[in-house]
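Trainee:
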Amino acid sequence: GQSLEQPSEVTAVEGAIVQINCTYQTSGFYGLSWYQQHDGGAPTFLSYNALDGLEETGRFSSFLSRSDSYGYLLLQELQMKDSASYFCAVRENTNAGKSTFGDGTTLTVKP
Amino acid sequence: EAQVTQNPRYLITVTGKKLTVTCSQNMNHEYMSWYRQDPGLGLRQIYYSMNVEVTDKGDVPEGYKVSRKEKRNFPLILESPSPNQTSLYFCATQPGGPRKNIQYFGAGTRLSVL
Chain G
1452 GQSLEQPSEV TAVEGAIVQI NCTYQTSGFY GLSWYQQHDG GAPTFLSYNA
1502 LDGLEETGRF SSFLSRSDSY GYLLLQELQM KDSASYFCAV RENTNAGKST
1552 FGDGTTLTVK P
Chain S
9 EAQVTQNPRY LITVTGKKLT VTCSQNMNHE YMSWYRQDPG LGLRQIYYSM
59 NVEVTDKGDV PEGYKVSRKE KRNFPLILES PSPNQTSLYF CATQPGGPRK
109 NIQYFGAGTR LSVL
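First to last, the sequence lines map onto chains G and S. With our numbering applied, the first sequence has no gaps in its numbers, which climb one by one up to 1562 at the end. With our numbering applied, the second sequence has no gaps in its numbers, which climb one by one up to 122 at the end.
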């Protein structure tokens, strides 16, 4: 079957660093994406990894290990506005249409 | 302004009454998808389309239909809605080429089926 696992909740304080892990088991794998969603609003794209290693975009970084079927999203210098849900998603086929999302991690940033 | 527009944003209906949720994009993107999101769960893909007249099932297609007659539009049709289809629905688009891994989401449609 297809499944992605990520922690349901994470809490951290302003200014800290937090890591959200994602392990996956899918029928195909062409890349791992991360999305942010505030309070049921539209998810927004954060990062994508197709190859092993680290991708950095400002305060956000994403890592992928294909051999371990594992990735993580790293958020640095946490701000209150980072309180949101974060979803990992696997692209499953070559034509990029098929995607499977994890159930999401709710991040709460405390002052 | 680049947009993915869903209508309606909120809908309350009754069991069995056919409805259509529209999705329109002005970005000339190749791919379009429909997702549903239920409390505590991630987005589950209902259908996706790779181009005009090309669609395929996602993980939860039962009870839904789609069509892609024009590149910009991808309506979601519920022929006979049931209460278990009460959910938050998102339309998403993806460009082709090197940015095809980025999905752009509409604002969502909250559907209640009584």
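Where is the CB? At the ideal position from N, CA and C, for every residue including glycine.
1) When you compare the CB positions of residue 1554/G and residue 49/S, do they come within less than 9 Å of one another, or not?
2) Check whether the region 1501 to 1513 of chain G and the region 10 to 18 of chain S are in contact - that is, three or more C-beta pairs closer than 8 Å.
3) Which same chain residues end up closer than 7 Å to residue 1461/G when comparing Cβ atoms and leaving out the 5 residues on each side of it in sequence?
4) Quick one: give me the first and last residue of the beta strand (DSSP E) that residue 1482/G is part of.
5) Name, please, each residue of chain G whose Cβ falls closer than 8 Å to the Cβ of residue 41/S.
6) For residue 35/S, which of helix, strand or coil comes out of DSSP?
7) As an exercise, report each continuous beta strand (DSSP E) stretch of at least 3 residues that is fully enclosed by the region 1453 to 1482 of chain G, in chain order.
8) Over the uninterrupted beta strand (DSSP E) stretch that includes residue 1511/G, give me the two end residues.
9) What residue range does the beta strand (DSSP E) around residue 58/S cover?
10) Classify residue 1533/G as buried or exposed, calling it buried when 16 or more other Cβ atoms lie within 10 Å of its own Cβ.
11) Can you list, in chain order, the residues of its chain with a C-beta nearer than 7 Å to that of residue 115/S? Leave out the 5 residues immediately preceding and following it.
Mentor: With the given structure in hand:
1) Numbered from 1 along the first sequence, position 103 holds the residue referred to as residue 1554/G. Numbered from 1 along the second sequence, position 41 holds the residue referred to as residue 49/S. Yes, they are a contact pair.
2) The region 1501 to 1513 of chain G is not in contact with the region 10 to 18 of chain S.
3) Start at 1 with the first residue of the first sequence, and residue 1461/G comes out as number 10. These residues qualify, in order along the chain: 1469, 1471, 1556, 1558.
4) As a first step, residue 1482/G is located in the first sequence; it is residue number 31 there, counting from the start. Taken as a continuous stretch (DSSP letters only), the beta strand (DSSP E) holding residue 1482/G covers 1482 to 1488.
5) Working through the second sequence from its first residue, we reach residue 41/S at position 33. Near residue 41/S (Cβ distances below 8 Å), the residues of chain G are 1548, 1550.
6) As a first step, residue 35/S is located in the second sequence; it is residue number 27 there, counting from the start. Residue state, collapsed to three classes: coil.
7) 1454 to 1456, 1460 to 1464, 1469 to 1476
8) Taking the first residue of the first sequence as 1, we reach residue 1511/G at position 60. Where residue 1511/G is concerned, the enclosing beta strand (DSSP E) stretches over 1511 to 1516.
9) Locating residue 58/S in the second sequence gives position 50, counting from the first residue. Per DSSP, residue 58/S belongs to the beta strand (DSSP E) from 51 to 59.
10) Counting from one through the first sequence, the residue named residue 1533/G turns up at place 82. Taking all protein chains shown into account, residue 1533/G has 16 or more neighbouring C-beta atoms within 10 Å of its C-beta and is therefore buried.
11) As a first step, residue 115/S must be located in the second sequence, where it is residue number 107. In its chain, beyond the 5 residues on either side, 14, 17 have a beta carbon closer than 7 Å to the beta carbon of residue 115/S.
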